[in-house]
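What follows is a set of notes on a single structure, which appears directly below.
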């Protein structure tokens with residue numbers, strides 16, 4: 008995979024006459040950026056905007072890759088819902104992107120990805136037979152199958168139990184290493200643990216939050232991790248009040 | 662529904678019928694007894710089977726053609742916003758015309774043979790199949806559409822690999838309705854003008870005051886409809902289970 012580019016976004020998004028947000032955001036190449044902020048502030052809208060999905064509003068501004076190449080076709084996406092197709096096997100779900108583009112899927116690559124996410128033995132099963140955590144791992148393998156330098160994650164672990172979520176954070180940090188990742192989350196602990204950069208979003212502006220000096224992925228119980236997430240939580244509660 | 666429940670329900674129905682015959686003391690050319698109808702059915706078994714066979718072919722062919730046309734229309738409507746905008750009002754408007762009123766016209770255009778009955782059956786099931794399947798195609802989790810955009814999917818590939826399969830339970834619902842409506846279409850066509858079929862046999866029996874034969878034909882038609890409904894329901898359940906990932910196709 009080539010070196011992952013960064014993304015710079017600057018502008019204002021409106022829904023009708025209402026300003027949803029003013030943003031000035033830079034996602035460093037090859038690093039994880041977590042986007043936090045209260046519900047409805049437009050975190051997912053930023054992600055949808057860059058992906059070219061419907062946002063229900065208009066954006067005045069620009070977003071570009073730092074290498075100057077167009078962003079279309081360079082981003083893979085993982086949502087909160089696993090979006091597994093119930094009638095396909097796990098393996099076929101991983102390959103669905105190739106089929107949707109009319110290509111012949113490389114099942115050997117898909118099987119290798121399933122091995123990496125610990126689902127080798129479940130490749131031929133239907134998603135209905137898997138647990139929530141396993142389905143999210145399959146969705147992660149599907150995201151990886153796209154083999155794109157930039158990955159957008161929209162609260163992908165929020166519906167999982169705490170233990171599975173921590174496991175998924177570690178797995179995602181490992182398999183998405185060196186890619187440019189934008190993670191939208193409501194969880195300060197998750198943000199502090201996995202990110203190289205945290206951006207807190209409000210309607211007025213986006214601001215970067217100081218992360219611990221230790222390398223991501225951080226220990227859950229490290230003093231600086233806990234202190235940072237406590238401060239972040241305090242700030243988020245204050246900004247929501 | 663268990664087998665013995667069906668047998669019991671049938672016995673109760675026959676008992677009530679026989680009781681009605683005894684209580685009203687109606688002459689056999691008005692209300693024949695179940696036994697008399699059974700005798701007439703046995704005596705005329707060859708003619709009943711011959712005519713039932715014709716009706717069955719009309720119904721099955723009408724069902725197949727109507728389903729294919731309905732599925733193709735629904736896909737076309739779901740693929741093109743322009744087609745949806747232009748064709749949906751026309752489809753709804755055509756439903757305002759009672760299909761039964763078209764039967765004489767269809768006989769005029771397609772003759773007294775099977776053709777007019779098959780067209781009648783197609784017309785009667787086309788809308789329920791189209792409407793149910795189109796609803797299913799349109800009712801898709803927006804997350805799949807987002808995935809389609811992020812994966813640079815072609816519109817037709819998305820339709821083929823996701824939308825159609827996701828809409829199979831809705832198609833099953835449309836097919837269940839179609840299985841009930843299809844025999845109605847064929848029999849109405851036969852009433853208006855035919856030389857074969859259960860509808861024709863019923864009219865013939867009625868004209869000759871052979872009410873027991875008319876009842877026998879009616880019962881065979883009901884059995885035909887039930888068998889068709891059960892067969893289509895089994896297929897519809899399989900489609901639903903396949904779409905839910907709980908069985909093989």
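Chains as they are written, first to last, in the working numbering: chain A, 8 to 248; chain B, 662 to 910.
Just so you know, even glycine gets a beta-carbon here, dropped at the ideal spot from N, CA and C.
Bear in mind that the values here come from a model prediction, so they are computed numbers and not experimental data.
Beta bridge counterpart(s) of residue i as assigned by DSSP
i                     : result
residue 769 (chain B) : Paired residue(s): none; residue 769 (chain B) is not in a bridge.
residue 33 (chain A)  : A:15
residue 39 (chain A)  : A:188
residue 65 (chain A)  : A:21
residue 206 (chain A) : A:42, A:215
residue 26 (chain A)  : A:21
residue 84 (chain A)  : A:159
residue 71 (chain A)  : A:15
Contact under 9 Å by Cβ, residue i with residue j
i                     : j                     : result
residue 64 (chain A)  : residue 22 (chain A)  : yes
residue 168 (chain A) : residue 139 (chain A) : yes
residue 60 (chain A)  : residue 50 (chain A)  : no
residue 27 (chain A)  : residue 16 (chain A)  : no
residue 839 (chain B) : residue 789 (chain B) : yes
residue 14 (chain A)  : residue 66 (chain A)  : no
residue 149 (chain A) : residue 101 (chain A) : yes
residue 773 (chain B) : residue 856 (chain B) : yes
residue 727 (chain B) : residue 784 (chain B) : yes
residue 850 (chain B) : residue 778 (chain B) : yes
residue 216 (chain A) : residue 227 (chain A) : no
residue 68 (chain A)  : residue 19 (chain A)  : yes
residue 739 (chain B) : residue 795 (chain B) : yes
residue 844 (chain B) : residue 882 (chain B) : yes
residue 815 (chain B) : residue 108 (chain A) : yes
residue 735 (chain B) : residue 792 (chain B) : yes
residue 46 (chain A)  : residue 157 (chain A) : no
residue 715 (chain B) : residue 858 (chain B) : yes
residue 48 (chain A)  : residue 209 (chain A) : yes
residue 682 (chain B) : residue 767 (chain B) : no
Beta-carbon neighbours of residue i, restricted to chain B and to distances below 7 Å
i                    : result
residue 60 (chain A) : 807, 810
residue 80 (chain A) : 813
Partner residues on chain A for residue i, Cβ-Cβ distance less than 7 Å
i                     : result
residue 907 (chain B) : 135
residue 814 (chain B) : 107, 108
Chain-ordered chain B contacts of residue i [CB-CB under 9 Å]
i                    : result
residue 83 (chain A) : 811, 812
Chain A residues whose Cβ lies nearer than 8 Å to that of residue i
i                     : result
residue 819 (chain B) : 107
residue 933 (chain B) : Absent from the model: residue 933 (chain B). The displayed extent of chain B is 662 to 910, so no value can be given.
Residue i at chain D interface by Cβ criterion, 9 Å
i                    : result
residue 55 (chain A) : No chain D is part of this structure, whose protein chains are labelled A and B.
In the segment 129-156 of chain A, which residues sit with their C-beta less than 7 Å from some C-beta in chain B, listed in chain order? 133, 134, 135, 153
Mind listing which residues of the segment 85-106 of chain A have their C-beta closer than 8 Å to chain B's C-betas, in chain order? 86, 88, 90, 92, 93, 94, 95, 103, 104, 106
Could you check whether the segment 861-872 of chain B touches the segment 816-836 of chain B, counting it as contact only if at least three pairs of C-beta atoms, one from each stretch, sit closer than 8 Å? no
What residues in the segment 870-903 of chain B have a beta carbon less than 8 Å from any beta carbon of chain A? 903
Chain-ordered residues of the segment 819-846 of chain B with a beta carbon less than 7 Å from chain A: 819, 822, 823, 826
Should the segment 722-729 of chain B be called in touch with the segment 758-767 of chain B, which here means at least 3 C-beta pairs below 8 Å? no
Are three or more beta carbon pairs between the segment 81-95 of chain A and the segment 805-818 of chain B nearer than 8 Å? yes
Do the segment 126-138 of chain A and the segment 150-165 of chain A meet, that is, are 3 or more Cβ pairs less than 8 Å apart? no
Would you check if there are 3 or more beta carbon pairs closer than 8 Å linking the segment 231-246 of chain A to the segment 173-190 of chain A? no
Three-pair Cβ contact test at 8 Å for the segment 692-710 of chain B versus the segment 818-826 of chain B: no
Any contact between the segment 195-215 of chain A and the segment 234-248 of chain A? By contact I mean 3 or more CB pairs, one from each, below 8 Å. yes
Within 8 Å, do at least three Cβ pairs link the segment 874-893 of chain B to the segment 840-849 of chain B? yes
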